[in-house]
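Asks: Residue numbers (the UniProt record's numbering): 1 to 623. Note that CB positions come from ideal geometry on N, CA and C, so glycine has one too. As the structure is a computational prediction, the values presented were derived from the model and not from experiment.
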């Protein structure tokens with residue numbers, strides 16, 4: 001049988017339920033501007049009725065209701081939408097980072113400008129052109145030296161700024177890994193608190209919001225997938241590896257890579273294995289540092305070493321106004337002070353490698369002539385060796401062109417004496433040094449008896465850098481030891497020539513005799529390098545280098561900008577949709593507040609009415 005005082009209990013439950021509902025509305029309104037907050041909704045259910053037969057009067061059918069209770073307070077979330085945002089987060093982080101740094105690189109090139117390297121080099125060539133017309137004029141020599149110094153300063157400055165951006169990227173990698181580890185640690189702590197709260201039967205909505213916000217931020221750094229199927233063990237994976245498994249965390253770490261100039265690799269803190277980071281800010285930083293910026297510096301180094309090497313080649317063969325010859329215009333520094341280029345690469349105290357940059361054949365070739373030879377050249381490539389076939393119908397020019405288009409890291413050209421010159425280009429693999437010829441082999445006679453570079457044919461007579469004194473495989477060919485790393489950072493004018501401009505050579509002379517006062521042949525030969533096929537890597541001329549460099553970085557910037565803009569629009573649409581579902585709507589909350597306020601007032605009035613009824617029973621009924 002129902003209690004006389006059951007109405008008071010029913011009213012109390014209603015007051016408590018509507019108080020909780022009003023508090024939840026207030027909580028929503030208070031967090032309307034809080035990042036990552038999801039609006040909460042109170043679910044009200046009827047309290048279980050008196051359903052046992054002995055507690056009901058037998059003449060009354062049905063059950064006696066007991067009022068209302070708060071069944072749960074839940075977050076309003078769309079799981080599928082959240083997964084879509086996480087899936088797009090790494091793309092957004094990738095393109096945003098790339099767009100920011102590519103813009104910095106574009107500013108370095110500063111094209112067109114009077115201070116750009118291209119403009120400075122144009123003035124340098126013009127100075128030599130003027131000297132070829134007035135070889136006896138001291139002012140023309142001073143102009144060449146001043147423009148040469150300006151060009152060197154411009155190259156050094158460009159290298160310094162590119163190096164600064166690359167170092168900035170490396171610092172950003174370390175900082176970002178630290179931020180990722182901080183996020184992982186926070187998620188692990190939240191997992192512990194959430195697990196404890198759920199064990200008590202609660203819905204830790206605010207804790208879940210915090211965790212979801214951290215997961216969303218984490219997705220901007222790398223590709224992640226979330227597995228929440230086990231309510232007791234929240235999991236996050238990247239590339240098949242666990243980042244979070246409940247309260248267990250697998251942190252990342254950074255370690256310097258000696259082969260990559262000491263720049264850091266991202267590894268797993270436990271075990272030190274390489275971490276396969278795909279997409280997101282971290283991958284963008286690694287690609288920018290080790291592909292884009294390294295490539296830009298390599299191209300600048302390649303242009304610089306080829307430029308200085310060819311100018312020195314001509315200048316050293318010419319005569320200065322003071323009657324001296326054999327003088328280099330630019331000071332070059334070797335990677336190793338060993339005449340054969342021998343180097344101890346593995347650090348065991350013994351020479352095990354040969355660092356050679358250039359080889360020049362001993363024979364004079366005719367570009368249009370057909371050697372009438374056949375065979376296969378084997379040259380070092382980006383990953384393994386590359387074979388280049390030549391045939392009896394090929395001209396010398398055809399074979400040279402085929403070498404340059406083969407994709408190998410060796411380029412070829414004919415110098416002013418029509419001797420075959422082989423040079424190393426920059427290396428694609430970080431473990432291989434730049435400007436070092438690693439392998440040259442000829443199954444036939446083109447590089448042997450015809451060009452005069454190798455001693456013999458076949459693998460037994462090949463040149464291979466992985467040994468000391470590898471130059472013994474050369475057939476008397478002139479060779480140059482590889483330069484010190486990053487020539488664009490250290491190249492400089494010969495101080496002797498700067499101090500004595502009469503040492504600046506302008507003419508070749510005749511039959512070994514010093515050049516006459518009006519001989520400007522050497523100056524003209526240097527000026528003509530501007531448009532000659534000098535092979536700066538795969539590019540034909542210096543002008544090609546500048547045109548290609550500016551166009552390539554401009555294209556990268558355009559792609560990064562458009563991709564970032566498109567990704568921002570995608571994320572905006574998803575965020576707007578998320579906000580419409582999970583965000584706090586002030587109008588809706590105000591409506592709920594009025595509804596629950598009226599419900600509370602009605603419950604209070606019900607309690608008052610029941611109190612009056614009880615007062616009648618207790619105080620007004622007679623004994």
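Assess, as a yes-or-no matter, whether the stretch 331-341 is touched by the stretch 362-378 under the definition of 3 or more beta carbon pairs within less than 8 Å.
Replies: No, the stretch 362-378 does not touch the stretch 331-341.
Asks: Under DSSP, the beta strand (DSSP E) around residue 256 begins and ends at which residues?
Replies: On the chain shown, residue 256 is found 256 positions in, with the first residue counted as 1. Residues 252-256.
Asks: Would you list the one or two residues that DSSP bridges to residue 268?
Replies: In the chain shown, the residue the question calls residue 268 occupies position 268. Per DSSP, 252.
Asks: Got a sec? Which residues, its chain only, sit under 8 Å from residue 483 by beta carbon, not counting five neighbours each side?
Replies: For the purposes of this step, residue 483 is taken as the residue at position 483 of the chain shown. Excluding residues within five positions, the ones whose Cβ falls inside 8 Å are 305, 332, 333, 334, 335, 357, 435.
Asks: Fully enclosed by the stretch 190-261, which alpha helix (DSSP H) runs are 4 residues long or longer?
Replies: DSSP runs (the alpha helix (DSSP H)) wholly in the stretch 190-261: 205-219.
Asks: Nearest-angstrom Cα distance between residue 130 and residue 137?
Replies: Numbered from its first residue, the chain shown carries residue 130 at position 130. Numbered from its first residue, the chain shown carries residue 137 at position 137. If I take the Cα positions, the gap works out to 10 Å.
Asks: In chain order, what are the residue ranges of uninterrupted alpha helix (DSSP H) at least 4 long that sit wholly in the stretch 108-183?
Replies: DSSP runs (the alpha helix (DSSP H)) wholly in the stretch 108-183: 117-133.
Asks: Leaving aside the five residues before and after residue 442 along the sequence, list all residues of the same chain whose C-beta is less than 7 Å from its C-beta, in chain order.
Replies: As a working note, residue 442 is residue 442 in the chain shown. Hits under 7 Å: 375, 377, 448, 454, 457.
Asks: Let me check understanding here. Comparing Cα to Cα, which of 115, 315, 319 lies closest to residue 158?
Replies: Translated into positions along the chain shown, residue 158 becomes position 158. When only C-alpha atoms are compared, the closest one is 115.
Asks: Suppose only complete runs of 3+ residues qualify. What are the beta strand (DSSP E) ranges in the stretch 309-372, listed by chain order?
Replies: Complete beta strand (DSSP E) runs here, min 3: 356-364.
Asks: Should residue 294 go down as buried or exposed, given a rule of 16 or more other Cβ atoms within 10 Å for buried?
Replies: The residue labelled residue 294 in the question sits at position 294 within the chain shown. The residue in question, residue 294, is buried, as its Cβ has 16 or more Cβ neighbours within 10 Å.
Asks: Name the DSSP bridge partner or partners of residue 478?
Replies: Counted from its first residue, the chain shown places residue 478 at position 478. Bridge partners of residue 478: 360.
Asks: What do you get for residue 298, buried or exposed, if any count of 16 or more other CB atoms within 10 angstroms of its CB means buried?
Replies: For this step, residue 298 is matched to residue 298 along the chain shown. Looking at its Cβ environment, which holds 16 or more other Cβ atoms inside 10 Å, residue 298 is buried.
Asks: Got a sec, what are the start and stop residues for the beta strand (DSSP E) residue 440 sits in?
Replies: For the purposes of this step, residue 440 is taken as the residue at position 440 of the chain shown. Counting along the chain, the beta strand (DSSP E) containing residue 440 begins and ends at 439-442.
Asks: Three Cβ pairs or more, each shorter than 8 Å: is that satisfied between the stretch 398-418 and the stretch 459-469?
Replies: Contact between the stretch 398-418 and the stretch 459-469 is absent, because fewer than three Cβ pairs lie under 8 Å.
Asks: Buried or exposed, going by whether 16 or more other CB atoms sit within 10 Å of the CB of residue 598?
Replies: The sequence position of residue 598 within the chain shown is 598, counting from 1. Result: exposed.
Asks: Which of helix, strand or coil does DSSP assign to residue 472?
Replies: Residue 472 sits at position 472 when you count from the first residue of the chain shown. Three-state DSSP puts residue 472 in a helix.
Asks: For residue 281 and residue 502, which I take to be in contact (beta-carbon distance under 8 Å), what is that distance rounded to the nearest angstrom?
Replies: Taking the first residue of the chain shown as position 1, residue 281 is located at position 281. Taking the first residue of the chain shown as position 1, residue 502 is located at position 502. With a Cβ gap of about 57 Å, residue 281 and residue 502 do not count as contacting.
Asks: Do residue 264 and residue 174 have their C-beta atoms within less than 8 Å of each other?
Replies: Your numbering for residue 264 matches position 264 in the chain shown. Your numbering for residue 174 matches position 174 in the chain shown. Yes, the Cβ-Cβ distance between residue 264 and residue 174 is below 8 Å.
Asks: Could you check how far apart the C-beta atoms of residue 288 and residue 98 are, in whole angstroms? I think they sit under 8 Å.
Replies: Within the chain shown, numbered from 1, the residue matching residue 288 stands at position 288. Within the chain shown, numbered from 1, the residue matching residue 98 stands at position 98. About 6 Å; that satisfies the 8 Å criterion.
Asks: Suppose you measure from the CA of residue 589 to the CA of residue 171; what does that come to, to the nearest Å?
Replies: In the chain shown, residue 589 corresponds to position 589, counting from 1. In the chain shown, residue 171 corresponds to position 171, counting from 1. Residue 589 and residue 171: Cα-Cα distance of roughly 46 Å.
Asks: Mind checking which residues open and close the alpha helix (DSSP H) that includes residue 609?
Replies: Here residue 609 corresponds to residue number 609 of the chain shown, with the count starting at 1. Run containing residue 609: 586-615, per the alpha helix (DSSP H) assignment.
Asks: Contact between the stretch 83-98 and the stretch 33-41: three or more CB pairs below 8 Å?
Replies: The stretch 83-98 vs the stretch 33-41: no contact.
Asks: Helix, strand or coil for residue 91 per DSSP?
Replies: Sequence index remark: in the chain shown, residue 91 carries index 91 (1-based). Note: residue 91 maps to helix in three-state DSSP.
Asks: To the nearest angstrom, how far is the alpha carbon of residue 80 from that of residue 399?
Replies: In the chain shown, counting from the first residue as 1, residue 80 sits at position 80. In the chain shown, counting from the first residue as 1, residue 399 sits at position 399. Between residue 80 and residue 399, the C-alpha separation is close to 60 Å.
Asks: Spatial neighbours of residue 498 within its chain, please: C-beta separation below 8 Å, excluding the five flanking residues on both sides.
Replies: Locating residue 498 in the chain shown gives position 498, counting from the first residue. If we look at residue 498 and ignore the five residues flanking it on each side, its Cβ neighbours are 145, 149.
Asks: So what's residue 434 in DSSP terms, helix, strand or just coil?
Replies: Residue 434 sits at position 434 when you count from the first residue of the chain shown. In this structure, residue 434 counts as coil in the three-state DSSP scheme.
Asks: Less than 8 Å between the C-beta atoms of residue 546 and residue 534, yes or no?
Replies: To locate residue 546, count along the chain shown from 1; it is residue 546. To locate residue 534, count along the chain shown from 1; it is residue 534. No; because the gap between Cβ atoms is not below 8 Å, this pair is not in contact.
Asks: Rounded to whole angstroms, what is the Cα-Cα separation between residue 183 and residue 192?
Replies: Counting from 1 along the chain shown, the entry for residue 183 is found at position 183. Counting from 1 along the chain shown, the entry for residue 192 is found at position 192. Each residue's alpha carbon lies about 15 Å from the other.
Asks: When the Cα atoms are used, what is the spatial distance from residue 500 to residue 493?
Replies: Walking along the chain shown from the start, residue 500 turns up at place 500. Walking along the chain shown from the start, residue 493 turns up at place 493. About 12 Å.
Asks: Does residue 605 pass the burial test, meaning 16 or more other C-beta atoms within 10 Å, or should it be called exposed?
Replies: The residue labelled residue 605 in the question sits at position 605 within the chain shown. With fewer than 16 other Cβ atoms within 10 Å, it is exposed.
Asks: Does residue 438 pass the burial test, meaning 16 or more other C-beta atoms within 10 Å, or should it be called exposed?
Replies: Working through the chain shown from its first residue, we reach residue 438 at position 438. Per the 10 Å Cβ criterion, buried.
Asks: With DSSP run on the structure shown, which of helix, strand or coil describes residue 547?
Replies: Here residue 547 refers to the residue found at position 547 when the chain shown is read from its first residue. Helix at residue 547.
Asks: Grouping DSSP H, G and I as helix and E and B as strand, with all else coil, what is residue 393?
Replies: Counting from one through the chain shown, the residue named residue 393 turns up at place 393. Looking at residue 393 - three-state DSSP - the assignment turns out to be coil, as it is neither helix nor strand.
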